[in-house]
Each structure stands twice: as structure tokens, then as C-alpha cells.
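Under our numbering, the very last position in the sequence shown is 103; numbers go up by exactly one each time. We put the CB at the ideal spot given by N, CA and C, even for glycine. A short write-up of the structure that comes next.
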Amino acid sequence: MTHLAVISIAELSTVSGGAMTNQARNVCNRQQFDWMVAHMVPDGALRPGVQRHVVVHDAQVCGFPVPR
36 MTHLAVISIA
46 ELSTVSGGAM
56 TNQARNVCNR
66 QQFDWMVAHM
76 VPDGALRPGV
86 QRHVVVHDAQ
96 VCGFPVPR
């Protein structure tokens with residue numbers, strides 16, 4: 036069952052975030068990122084590897100340089 040809640044503007048004003056959001060903590064590992072870059076394939080490629088859009092997203096979330 037899905038539970039819906041109403042969030043007020045006052046509650047939203049206390050939301051904070053930054054470079055180390057939960058998402059960033061899960062993906063901002065430089066060694067893992069470098070591995071992904073080394074195994075990057077073009078978007079839509081039908082072969083093993085990490086598609087480019089995934090690598091670009093992680094680079095943007097973590098502040099790493101976006102690979103070409």
C-alpha cells in the first residue's frame with residue numbers, strides 16, 4: 036500500500052543537501068568511477084560496459100570531470 040503525505044512549504048524550507056547527499060555517498064567513489072570510465076560504451080550500445088549517460092550523471096553528482 037502506498038502512503039501519501041502532504042508537505043508544507045515550511046517543511047520544505049528545512050530541506051538541505053549538497054555534495055554528500057545519500058545518492059552521492061553511494062556513488063562518489065573515485066576508484067569505482069575510474070573503472071566505469073575505463074569501461075564506458077556509447078549510450079544505447081548493445082555490448083557489455085557502462086553506458087556514457089550513467090558515467091556523466093555520476094560525474095555531475097560527484098563533481099568529477101565529465102569524460103569525453
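At least 8 angstroms separates the beta-carbon of R65 from that of P77. If you draw a straight line from the Cα of H92 to the Cα of A80, it comes to about 17 angstroms.
The alpha-carbon separation between G98 and V41 amounts to approximately 33 angstroms. Under the three-state reduction of DSSP, V62 is assigned to helix. Going by beta carbons, P102 and V89 fall outside the 8 angstroms limit.
DSSP places M75 within a strand segment (E or B) once states are collapsed to three.
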